[in-house]
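J.:
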Amino acid sequence: FMYLKNTLFVAFVSTFLSALLSSMLAYCISRHSFPGRNILFGTILTIMLIPGLAMLVPQFELAVSFKLIDKLWGVILFYTAWTIPFSTFLIKSFIDNIPKEFDEAIFMDGGSILTIYLRIIIPLASPSLAAVSVFNFLYPFEELGWSQTILKIDAKRTLPVAITQFFQAHNRTDWGYVFAMTCLSMIPVIMIYILLQKYFVSGLTTGAVKM
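For what it's worth, my numbering labels the leading residue of the sequence shown as 7, then goes sequentially.
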């Protein structure tokens, strides 16, 4: 259960950070005009095309510089950075469908940009937030390359890393343990999907129609 606890901690924190930062960034790009807005959005789209493994070496050097090796925060921060581009893209597509008249009504009542974000954008864009949250929550349960690279201490390992180590345990594969760990990793994933299924489908559908 130690590996499951580590994975859940990474999943919840990285999902929260990604949803928060992505929604703010998507709101700014969708609703406000500022110098370099199109360049910023184009950069986000370009980053989505870059394979994660292509950035493995510079990311590892960055993790060493900030002393993030063998720390769960080293996994959390990079997972958050990796998921922000796609999350921003999907949430922005959803926010583009929200009428700007709502923003104007809030301004007329003396509200601020933060008020619009909290009272209009977050509630109305909740389906897209749920959709990206499901994607981002699943990521720590399937990603192996980065977590295996920087997590060498057994107490800090996540489930995917723990499962792979039993393929070569004592020069043989402990299939019973592998299957047990795999089934254990499926439980939170299934529960999250069941709870957010309605919003997940709605968020993807609306984003697809906009695109």
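All C-beta atoms in this analysis are idealised placements derived from N, C-alpha and C, irrespective of residue type, glycine included.
1. So, under 8 Å CB-CB, residue 142 and residue 71 are touching, yes? Tell me the CB distance rounded to an integer number of Å.
2. Go through its chain and collect everything with a Cβ distance to residue 62's Cβ below 8 Å, but skip five positions before and after it.
3. Quick one: does the C-beta of residue 94 sit closer than 7 Å to a heavy atom of the ligand GTP?
4. Short check: CB of residue 8 to CB of residue 161, under 8 Å?
5. Can you give, in chain order, each stretch of the alpha helix (DSSP H) that sits fully within the stretch 13–68 and has at least 4 residues?
6. With distances taken between CB atoms, is the gap from residue 82 to residue 19 smaller than 8 Å?
7. Sorted by chain position, which residues of the same chain lie with C-beta nearer than 6 Å to residue 159's C-beta, five sequence neighbours on each side aside?
8. Residue ranges of each alpha helix (DSSP H) run of no fewer than 4 residues wholly in the stretch 140–176, ordered along the chain?
9. So, do the stretch 125–135 and the stretch 28–42 have three or more beta carbon pairs nearer to each other than 8 Å?
10. Looking only at C-alpha atoms, which of 45, 192, 169 and 122 sits nearest to residue 181?
11. Under 8 Å by Cβ, that's how I've got residue 105 and residue 13 pegged, so tell me the actual separation to the nearest angstrom.
12. Using DSSP with H/G/I as helix, E/B as strand and the rest coil, what is residue 84?
13. Report the three-state DSSP secondary structure of residue 190 (helix, strand or coil).
14. Does the distance from the C-beta atom of residue 102 to that of residue 36 stay below 8 Å?
T.: Well, looking at it:
1. Stepping through the sequence shown from its first residue, residue 142 is reached at position 136. Stepping through the sequence shown from its first residue, residue 71 is reached at position 65. By a beta-carbon distance limit of 8 Å, residue 142 does not contact residue 71. Their separation comes to about 25 Å.
2. Translated into positions along the sequence shown, residue 62 becomes position 56. The residues are 151, 152 and 155.
3. By its list of ligands, the structure shown contains no ligand whatsoever, and the ligand GTP lies outside what it can speak to.
4. The residue you call residue 8 lines up with position 2 of the sequence shown. The residue you call residue 161 lines up with position 155 of the sequence shown. In terms of Cβ geometry, residue 8 and residue 161 form a close pair [threshold 8 Å].
5. The stretch 13–68 contains, as complete alpha helix (DSSP H) runs of 4+ residues, the segments 43–54 (chain order).
6. To locate residue 82, count along the sequence shown from 1; it is residue 76. To locate residue 19, count along the sequence shown from 1; it is residue 13. It is a contact, given that the beta carbons lie within the stated cut-off.
7. Locating residue 159 in the sequence shown gives position 153, counting from the first residue. Cβ neighbours of residue 159 beyond the five flanking positions: 76.
8. With a minimum length of 4 residues, the continuous alpha helix (DSSP H) runs that stay inside the stretch 140–176 are 151–156 and 165–171.
9. The stretch 125–135 vs the stretch 28–42: in contact.
10. By 1-based counting over the sequence shown, the position of residue 181 is 175. Nearest C-alpha to residue 181: 169.
11. Translated into positions along the sequence shown, residue 105 becomes position 99. Translated into positions along the sequence shown, residue 13 becomes position 7. In this structure residue 105 does not touch residue 13 by the C-beta definition: roughly 40 Å separates them, more than the 8 Å allowed.
12. Looking up residue 84 in the sequence shown gives position 78. Residue 84: helix per DSSP, three-state reduction.
13. The count along the sequence shown starts at 1 and reaches residue 190 at position 184. In the displayed model, residue 190 falls within a helix according to three-state DSSP.
14. By one-based count along the sequence shown, residue 102 stands at place 96. By one-based count along the sequence shown, residue 36 stands at place 30. Yes; because the gap between Cβ atoms is below 8 Å, this pair is in contact.
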